[in-house]
Each structure stands twice: as structure tokens, then as C-alpha cells.
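Read the structure below first, then the notes.
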Amino acid sequence: MNRRALLILCLLVAAGAYIHLVKPRPVLLEKPFSEFPLAVGEWRMVREDSFSKSVLAILRPTDYLSRDYEDAMGNRVTLYIGYHGGRKGDGGIHSPKNCLPSSGWFLDSMTAVDVPLRDGGEIEVVNSVMSKGATTVSFYYWFQVSGRVITNEYSLKLAEIWNSLVAMRKDAAFVRLSMPVESGSEEASLVLKRFVADFYPVIRDYLPK
Amino acid sequence: MTVSEWLEKNKWYVAAYFVIMGLVCNRIIIDMVADWMRDDNYSHGFLVPLVSGYFLWAYRDRILRAEVVPANWGLLVVLFGVAQLLLGSLATEYFSMRSSMVVITVGAVIYLLGWEVFTTVRLPLLYLLLMVPIPAIIYDSMTMPLKLFVAKVSVKGLVASGYPVMREGNIIILPNIVLEVADACSGLRSLMSLIALSVAFAFMTQRHFWKRWVLILSALPVAVATNILRVFVTGILAKHYGRVAAEGFFHEFAGFMVFFVAMIIMALLGAALKIGEKRNES
């Protein structure tokens, strides 16, 4: 009998059993995104998009929302929220760092932005300015795991590991706002910051804690 | 005890190892093969196990004659690999899940057979790592600057040859057409395949340590240079023949040609590295 070989086989079997039998449970949204408010503060929804089958086959979100909101001054912001609850067959979050460049967007700059919230708090989000052809768009995005705002892909992975080890959950969300930068990035930034401040409490309440 | 005697004694353990590994990692393996089929960056994945098998076969005498001296350090490597497998599957992080299969096997070889055996099977074993697609976030951070560089240099070339061209990031603007050096058509997608091939080629043809590395490291400049050539030629053709030169059949064909030319350059480089050797020997 080869004790060493047996030990290795046992380790493998144990690891396999853990992977195949111990599954973090999926978490669903309490209300689907279809019930997400059509008006938040002075913002009114002006357009709602649904993705094509091929896009959904790649993203595989549990639920998602893609809408344009407009304020009284005619500023138009696109809001995308992808919720990945970890059901069987659900995909993971695609960072825009990978997704957008490979669909032809070119990264101009990427900075961390502190956004002051209405309740006096502050969150840090990523501002990534990208161009495709003649259009330049400012994307504000962040990830949210158990109510925590995360801006870094590696921290997101760590948070997901922690979440599935400790809370046995596999849910994470990705929030992205975008707005074309026509009149200069300063102005777009002000609008986007206002949008984040208006929507963040609503989004936070919507996603599982 | 030599490896061949050890194998005779433990053949059932070895068989059980592969069966159990296959069962534990079945989803991981199926997913990875699906990636090889879907993603042109990694279509060489199918070749990697074959090349690894070839190395194993080529080194079989040395491997079978090696002395078995089990080393406890291997257990640590196995445990590391198992941790990688568990954490990777908890976070659905494919790279660590997939590479853990190789890490666990490396650990098992060291733990059961020892360091001497490991050094004889090091190449075929570690070569298997090249079948694992690297994380997109790392791949993109590598290819982004290369893409920009390719666009920049090809535009310089086009301007120098008298073509009126402008560049905006990775977009090349000709009077009649806008070309985009995007991920899909940067041709850099063949970079990973070229690296995998050049490693195999280096070990098959070169005996000196430094010459192998020269050949492996030259895969990058060769890939970039052939891609610059490709974008340059596409630019000239697009100027004269319009869209058809940059899309559809020609696009695919150019992609294939770039890879083909890159392989020829690598082969010539390999031959050049050998020339001096023969002279020295004779």
C-alpha cells in the first residue's frame, strides 16, 4: 500500500466533494428590476433597453436593467445594473475593463472619483472615459457585494470568495452610468455625480444587503 | 527504485489519480475546452496536451530511469493546488481553477517520486500551463499598449509611403475608409498561440538554455512586427480597393498569413541560432 498516493487521492476526493456538494445558495432580488422606479428625484426614465439573446448569452445576469434617464435640463444618463445572484447557469460580472475595449471602445483615461452622497457619506467610483470613433463617453461604475461598494476587480474577486466562504452566497452586482462627453468632461462629471447621489440610495435598497 | 519499477508497482494508484482528477474537474475541463473552441486567442489549447505528450514520449528513457526519492515538500505544493482549486471555484475564477490541475499534479510528482523525477518531467508538465487561458484583465492590460503601438507604427509607415492617413487612438482614418485596430483584428490574438508554439519549438530544436529563451522571447517582437506589416498592407489595400480589403475573406486570410509569416520567421531564427552551433562543433 502506498500511503502517500492514498493521501493525495483522499485530498482530491475531499476537494471534489466540497466543490460539487457544498454550493453557495443563490440570492434573488426581492423585487425584479422591472419595478425599479421610473422617476428618481428630478430624473425621468425616457428609454428602456432589453439586450439581444446573444448579449444575454454572454452576460448571463440573474436580472438586469438598462435605462436612460433625463433631468429637467435635458441631461441624459444611461443606467445599467447587472445583478448576478449565482443561480445555476448565471454568469459572473464582466468588468468594463475587459468588455468595452474588446467591443471597440478605446480607453482614454481611468480615474477614481469620490462622489458625495445626500446623507453626508461618500462613495468611491471609477470614472473611465472611453471613445469609439468620434464619440467619447464617460462611464462611472462600481461593483456591489453585500452592500459594499467596490471599485477594483481584484477586490471584487476577494469579496466574492469571502462572501461564498462565510455567508455561503454568490451574489454581486455591477452598476454603470454613462454619458457622452460633449461639452467637456468637467460638466459631464457634475451631472454624473448628481445622478449617483440621487440614485445610490435607491440602488442600495434594491440590491440584497 | 526507478520510475519504471515504481510505475509497475503503483499503476492502479496512477490510474485512480487520473480518473479522480477527471471526475473532480470535469466541469472545469469541459469549460476550458469550450473556451479553446470559442476564443481564437486560445485555439492552440488543443495542441498543448499533444505537444506535452510528445515531450513525455521524447524524454521517456530519462524519465523511466530516474531514481524515486519521495520528497515531503510535494505535499505543500499539492495543498497549495487544492486551495487554488477551492478558492477559484468559490470565486468562479477560471485561471486559478484550471491551473490548479497542473499545480496539484506537479505536487503529486514531487511528493510521490521526488525532485529528480520532477526535473525530468518538468517540461511536459509545466508546458501544460500554456493551455490555460490567462485572465482577461491581465491579457487586456498586455495587449492594449501593443495595439496602440501597432497602430502608431503602421500609420507612421503609411504616412512615410505617401498615404494621407490620420490616427486617433487605435483608429486609422484613410480618406475613403476608417480602419480600427480592434482586439479582434489586431492580430495580436495570435500572440498566445505563437508563444505556446515557440516554447515547444525552442525546446525541440535548441539545446542551449539561452538560445531557447532567445527564441521564446522573440515571439513577442515577431508577433508585433508581423502585425504592423499586416495593418500597413491592409491600409494600402483599403486605400485602393475600399472596404473589401479590410473585411470578410481578406481579413481572415490576412490573419492567417500573419501567423504563417510569423512562424516562418521563428523557424528562420531557430535555424540561425543553430548555425553557429554546428560550426563550433565541427
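Line order of the protein sequences matches chains E and B. Going by my numbering, the residue at position 167 of the first sequence is 167; the numbering climbs one at a time, nothing skipped. Going by my numbering, the residue at position 145 of the second sequence is 354; the numbering climbs one at a time, nothing skipped. All residues carry an ideal CB built from backbone N, CA and C; glycine is no exception. Note that the structure is predicted; figures quoted are calculated from it, not measured.
In the structure shown, what three-state DSSP assignment does residue i receive?
{"i": "residue 371 of chain B", "result": "coil"}
{"i": "residue 323 of chain B", "result": "coil"}
{"i": "residue 250 of chain B", "result": "helix"}
{"i": "residue 64 of chain E", "result": "strand"}
{"i": "residue 50 of chain E", "result": "coil"}
{"i": "residue 243 of chain B", "result": "helix"}
{"i": "residue 394 of chain B", "result": "Note that residue 394 of chain B scores 46 on pLDDT, short of 50, meaning its location in the model is unreliable; the coordinates nonetheless yield the value given after this. If DSSP states are grouped into helix, strand and coil, residue 394 of chain B belongs with coil."}
{"i": "residue 491 of chain B", "result": "Note that residue 491 of chain B scores a pLDDT of 46, beneath 50, so its modelled location is shaky; the value from the coordinates is reported in the next line. Residue state, collapsed to three classes: coil."}
{"i": "residue 41 of chain E", "result": "coil"}
{"i": "residue 339 of chain B", "result": "helix"}
{"i": "residue 388 of chain B", "result": "strand"}
{"i": "residue 107 of chain E", "result": "strand"}
{"i": "residue 82 of chain E", "result": "strand"}
How many whole angstroms separate the CB atoms of residue i and residue j, which I take to be in contact at a CB cut-off of 8 Å?
{"i": "residue 65 of chain E", "j": "residue 36 of chain E", "result": "6 Å"}
{"i": "residue 262 of chain B", "j": "residue 317 of chain B", "result": "Not really, about 18 Å apart at Cβ, beyond 8 Å."}
{"i": "residue 444 of chain B", "j": "residue 380 of chain B", "result": "At roughly 12 Å, the Cβ-Cβ gap does not stay under 8 Å, so residue 444 of chain B and residue 380 of chain B are not in contact."}
{"i": "residue 342 of chain B", "j": "residue 235 of chain B", "result": "Between residue 235 of chain B and residue 342 of chain B the Cβ distance is about 18 Å, and since that is not below 8 Å, they are no contact."}
{"i": "residue 145 of chain E", "j": "residue 172 of chain E", "result": "5 Å"}
{"i": "residue 115 of chain E", "j": "residue 193 of chain E", "result": "5 Å"}
{"i": "residue 86 of chain E", "j": "residue 180 of chain E", "result": "Not confirmed; about 34 Å, so no contact."}
{"i": "residue 420 of chain B", "j": "residue 482 of chain B", "result": "5 Å"}
{"i": "residue 435 of chain B", "j": "residue 408 of chain B", "result": "Not confirmed; about 18 Å, so no contact."}
{"i": "residue 254 of chain B", "j": "residue 266 of chain B", "result": "Not quite, the Cβ-Cβ distance comes to about 20 Å (not below 8 Å), so this is no contact."}
{"i": "residue 311 of chain B", "j": "residue 337 of chain B", "result": "5 Å"}
{"i": "residue 159 of chain E", "j": "residue 148 of chain E", "result": "7 Å"}
{"i": "residue 530 of chain B", "j": "residue 479 of chain B", "result": "Limits of chain B in this structure are 210 at one end and 491 at the other, which puts residue 530 of chain B out of reach."}
Under a CB-based cut-off of 8 Å, is residue i close to chain B?
{"i": "residue 18 of chain E", "result": "yes"}
{"i": "residue 133 of chain E", "result": "yes"}
{"i": "residue 95 of chain E", "result": "yes"}
{"i": "residue 8 of chain E", "result": "yes"}
{"i": "residue 197 of chain E", "result": "no"}
{"i": "residue 15 of chain E", "result": "yes"}
{"i": "residue 39 of chain E", "result": "no"}
{"i": "residue 12 of chain E", "result": "yes"}
{"i": "residue 127 of chain E", "result": "no"}
{"i": "residue 5 of chain E", "result": "yes"}
Comparing the C-beta of residue i with each C-beta of chain E, is any distance below 8 Å?
{"i": "residue 219 of chain B", "result": "yes"}
{"i": "residue 240 of chain B", "result": "no"}
{"i": "residue 287 of chain B", "result": "yes"}
{"i": "residue 500 of chain B", "result": "Chain B is shown from 210 up to 491; residue 500 of chain B falls before or after that span and cannot be answered."}
{"i": "residue 346 of chain B", "result": "yes"}
{"i": "residue 380 of chain B", "result": "yes"}
{"i": "residue 394 of chain B", "result": "Any reading at residue 394 of chain B is ruled out, since the residue's pLDDT is 46, under 50, leaving its predicted position unreliable."}
Name the residue from the options whose alpha carbon lies nearest to the alpha carbon of residue i.
{"i": "residue 163 of chain E", "options": "E/115, E/209, E/142", "result": "E/209"}
{"i": "residue 129 of chain E", "options": "E/49, E/177, E/80", "result": "E/177"}
{"i": "residue 88 of chain E", "options": "E/46, E/109, E/27, E/81", "result": "E/27"}
{"i": "residue 286 of chain B", "options": "B/300, B/265, B/308, B/441", "result": "B/308"}
{"i": "residue 157 of chain E", "options": "B/300, B/323, B/304, B/374", "result": "B/300"}
{"i": "residue 404 of chain B", "options": "B/385, B/433, B/416, B/280", "result": "B/433"}
{"i": "residue 400 of chain B", "options": "B/311, B/430, B/478", "result": "B/430"}
{"i": "residue 439 of chain B", "options": "B/460, B/450, B/423", "result": "B/460"}
{"i": "residue 321 of chain B", "options": "B/468, B/473, B/219", "result": "B/219"}
{"i": "residue 56 of chain E", "options": "E/38, E/31, E/83", "result": "E/83"}
{"i": "residue 191 of chain E", "options": "E/147, E/78, E/95", "result": "E/78"}
{"i": "residue 50 of chain E", "options": "E/34, E/38, E/120", "result": "E/34"}
{"i": "residue 240 of chain B", "options": "B/464, B/446, B/486, B/340", "result": "B/340"}
{"i": "residue 303 of chain B", "options": "B/383, B/238, B/221, B/447", "result": "B/238"}
Mind checking whether the beta-carbon of residue i lies closer than 7 Å to any heavy atom of the ligand PLP?
{"i": "residue 318 of chain B", "result": "As for the ligand PLP, it is missing from this structure, which has no ligand bound."}
Problem set entry | Contacting positions in the segment 149–167 of chain E - beta carbon closer than 7 Å to chain B | Flagged, chain order: 153, 157, 160, 161, 164, 165.
Problem set entry | the segment 291–309 of chain B: positions lying closer than 7 Å to chain E by Cβ | Cβ contacts with chain E come from 291, 294, 295, 296, 298, 299, 300, 301, 302.
Problem set entry | Contact residues within the segment 245–272 of chain B, judged by C-beta distance below 8 Å to chain E | Using a CB distance below 8 Å, no part of the segment 245–272 of chain B faces chain E.
For this session: Taking a Cβ distance cut-off of 7 Å, strictly less, list which residues of the segment 69–94 of chain E are near chain B, in chain order.
Result: Cβ contacts with chain B come from 92.
Exercise. Which residues, in order along the segment 317–328 of chain B, keep a beta-carbon less than 8 Å from a beta-carbon of chain E?
Worked result: Within the segment 317–328 of chain B, the residues whose Cβ lies closer than 8 Å to some Cβ of chain E are 317, 320, 321, listed in chain order.
Problem set entry | Interface residues of the segment 221–237 of chain B facing chain E [CB-CB below 7 Å] | Listed in sequence order: 222, 225, 226, 229, 230, 232, 233.
Exercise. Taking a cut of 7 Å between CB atoms, which residues from the segment 272–283 of chain B lie near chain E?
Worked result: Along the segment 272–283 of chain B, the positions whose C-beta sits under 7 Å from a C-beta of chain E are 279, read in chain order.
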